[in-house]
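Chemist:
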Amino acid sequence: MKTAVVLLPGLNRDRDMIAALTKIAGTPPLTVWQTETEIPDVDLIVIPGGFSYGDYLRCGAIAARMPVMRAVAAHAARGTLVMGVCNGFQILLEAGLLPGALMRNASLKFVCRKVRLAVTNANTAFTRGYRPGQVIDCPVAHHDGNYFADAETLARLEGQGQVVFRYAEGTNPNGSLNDIAGIVSDRGNVLGLMPHPENLIEPAHGGSDGRALFEGVLGRAA
Amino acid sequence: MIEARVTVTLKTGVLDPQGKAIEGALAALGFADVGAVRQGKVFDIVLEDGDPQAARARLEAMCEKLLANTVIEDYAITLPPAR
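In order, the protein sequence lines correspond to chains A and B. Throughout, our numbering is defined as the position within the first sequence, counted from one, plus 8. Throughout, our numbering is defined as the position within the second sequence, counted from one, plus 1.
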C-alpha cells in the first residue's frame, strides 16, 4: 500500500498524519509539495489538517488552487483514494472534489475536544474497518466545520449513503447540517471529514478508535 | 486602467453567525434600531485592461473561480461609470 501526503504552507497536522500512516502502513508516505504538478502512482493520497495559507479568503480556498490539487483531482478521477482531514476536507470542498461548504462554527468558537462519531455508512473503502452504526470517539479541532449544502445536494448525499460519519449523542460541535462530520464523493473514493482519526490510533492518545479507519483503507490493496 | 469593486455576501438563507454576533454587539452598544446584520467581503481590484466589457467578464470569471464560493456566497461587481 503506497500513500502520499500533500504538503502546503500553514498545515500543521502533517506530522501526525505521516506518523499514523507510517505506523499503520509500515512504510512512510511520500510527501508532495504544493508546487508539484504530478503525484506518482499511490493507493491513497491524504491532505492533512491545519491552516493552509492562514485561512486567507476562505479556509482552504487558496490551497485548492495550487498546482498539486490538479494532480489530486486527476488521481481522484482515476479512482485513487483521496482523504482530506479538517483543513484537508475544506480544501477538497473548495477544489470541487466534494460537494458543499464548511462555514464558521455556529458557536463562533474554535472547538478542540473529543466528540462521538456514528459510522453511518460502513460500506466504503474508508469505513469498512467499522461496523455499520458503530459509535466511536474522535477528536475535533476547528473553527470552520459547520457543513452546509443546498437542500437538493443534501438530499442526494443522504439518499446515496454519502454521509459516512455523523456527530452522535448530541456532540455536534459546530452546527453542521444533519450532524454531518464526513462525506464521500458519489464514487466513494474521496473522503472528507472534520475530526482527526490520526490523533486517536494508540492508547497513548487516550484511545485508538481512529485506527480502524486507517487499517480499513490501507488494507484495500493488500 | 479600471478600478473595480467586488462585493461578496452570503446567500439569503445561509446562516451568518458572525453577522448575528455583530448584530448582538450593536444592540449592546445601544443601537436599538438594528434589525439585521449580514457580514461580507469587499475586493478592490485594479485591472490594467481599460475595456469595461472585457473587465466585467474577467471579474465574473475571478468571482466564479476564486473570490466567491458560490455554494454559499453571491457576488456583485461594480465598475466605475462610463465616461
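Heads up, the beta-carbon is just placed ideally off N, CA and C, and yes, glycines get one too.
Go through its chain and collect everything with a Cβ distance to residue 55 of chain B's Cβ below 6 angstroms, but skip five positions before and after it.
Modeler: none
Chemist: Please classify residue 146 of chain A as buried or exposed, where buried requires at least 16 neighbouring CB atoms within 10 angstroms.
Modeler: buried
Chemist: Can you grab the Cα-Cα spacing for the pair residue 230 of chain A / residue 9 of chain A, in whole Å?
Modeler: Per-residue confidence for residue 230 of chain A stands at a pLDDT of 38, beneath the threshold of 50, marking its modelled position as unreliable; no derived number is given.
Chemist: Mapping the DSSP letters down to three states, classify residue 238 of chain A as helix, strand or coil.
Modeler: An answer regarding residue 238 of chain A cannot be provided, because it is not within the stretch 9 to 230 covered by chain A.
Chemist: Taking 7 angstroms as the CB-CB cut-off, is residue 156 of chain A touching chain B?
Modeler: yes
Chemist: Indicate the three-state DSSP secondary structure (helix, strand or coil) for residue 217 of chain A in the structure shown.
Modeler: coil
Chemist: In three-state terms, what does DSSP make of residue 37 of chain A?
Modeler: coil
Chemist: What number of angstroms, rounded off, separates the C-alpha of residue 71 of chain A from the C-alpha of residue 53 of chain A?
Modeler: 15 angstroms
Chemist: Between the alpha carbons of residue 161 of chain A and residue 100 of chain A, how many angstroms are there, rounded?
Modeler: Cα to Cα, residue 161 of chain A sits roughly 16 angstroms from residue 100 of chain A.
Chemist: Is residue 30 of chain B buried or exposed, if buried means 16 or more other CB atoms sit within 10 Å of its CB?
Modeler: exposed
Chemist: Check whether chain B comes within 7 angstroms of residue 116 of chain A, counting only Cβ atoms and requiring the distance to be less than that.
Modeler: yes
Chemist: Quick check: is the beta carbon of residue 69 of chain B nearer than 7 angstroms to any beta carbon in chain A?
Modeler: no
Chemist: Can you tell me which residues form a DSSP beta bridge with residue 180 of chain A?
Modeler: For residue 180 of chain A, which the question treats as bridged, DSSP gives no partner whatsoever.
Chemist: In the structure shown, what three-state DSSP assignment does residue 125 of chain A receive?
Modeler: strand
Chemist: Just curious, the beta strand (DSSP E) that residue 3 of chain B is in, first and last residue?
Modeler: 3-11
Chemist: Please state if the CB of residue 56 of chain A and the CB of residue 93 of chain A are separated by a distance shorter than 7 angstroms.
Modeler: Closer than 7 angstroms, so yes.
Chemist: On a Cα-Cα basis, can you pick out the residue from A:134, A:170, A:172 and A:142 that is closest to residue 223 of chain A?
Modeler: A:134
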